[in-house]
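Here is the structure we will look at.
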Amino acid sequence: MPQSIAYNYSHITFSTKDRYPFIDEEIQNELFQYIGGICKNMDFKPVIVGGYKDHIHILCVLSRKIALMKLIEEVKSHSSKWMKTKGEKYKNFYWQRGYGSFSVNPAEIDVVVRYIENQAEHHKKKTFQEEYLAFIKKYNVEYDEKYLWD
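All residue numbers for the sequence shown refer to the numbering used here, where the first residue is 772 and numbers rise by one.
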C-alpha cells in the first residue's frame, strides 16, 4: 500500500501541579485556545480543548509524524511559560509530570466533546482524581497509585 493513512482520536488529560486551581475563569478560554494552537502547529488536529480549575482535557486527532509524548512535552512547557506571563497570580504555575491518553472511538466523539464542554457542571460531583481513576478503570489500565498523584 503506497499511501499511509492514520486517523486516531485521543482524549488527553493532565492536571496542574498538586492540582492547584490555577485555571480560573479569567484565563481558561485564552489558555484553551493557546493549547489548541500548539496542537495545530504540531500537526495534531484539536477537536476541543477544555478543562476545569486544576486540569485540562484535549481531544485531538493524533499526528502521523510526531509522537504524542512530544506534543505533551511542548504543550506543557510552552503553556506553562505562557501562563507565567499572565500576571502575578500565575507566577507559580506548573503542570503535573504525568498525563493520561485514552483512545476514542470515532462514533463517540460527540459524547467526549459534550463531556469536555461540561467540565464545570461535572466537577460539582466529582474531583479530578475520581474522574481520572474512572478513566483508568474504564480502559483497564494497570497502575500503581503511589506514582499516580506525585
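Virtual Cβ for every residue (Gly too), placed ideally from N, Cα, C.
To the nearest angstrom, how far is the alpha carbon of residue i from that of residue j?
i, j, result
"Y865", "I809", "17 Å"
"L856", "P877", "Contrary to the premise, residue 856 reads as Thr rather than Leu in this sequence. So the alpha carbons of these two residues sit roughly 37 Å apart."
"I837", "Q804", "21 Å"
"Y886", "I798", "20 Å"
"F785", "Y914", "16 Å"
"G821", "S781", "14 Å"
"Q774", "S834", "15 Å"
Residue i and residue j look like a contact to me (Cβ under 8 Å); what is the Cβ gap, rounded to whole Å?
i, j, result
"L802", "I819", "That pair is no contact at about 13 Å."
"Y791", "D814", "With 8 Å as the limit, Y791 and D814 do not qualify as a contact, their Cβ atoms being about 31 Å apart."
"V846", "I806", "6 Å"
Based on DSSP bridge pairs, tell me the residues matched to residue i.
i, result
"G821", "H828"
- Task: Just list the beta strand (DSSP E) runs in the stretch 867 to 891, keeping only unbroken ones of 3 residues or longer that don't cross its boundaries, in chain order.
- Result: Qualifying beta strand (DSSP E) stretches, in chain order: 871 to 875.
- Query: Can you give, in chain order, each stretch of the beta strand (DSSP E) that sits fully within the stretch 778 to 825 and has at least 3 residues?
  - Reply: 780 to 786, 816 to 823
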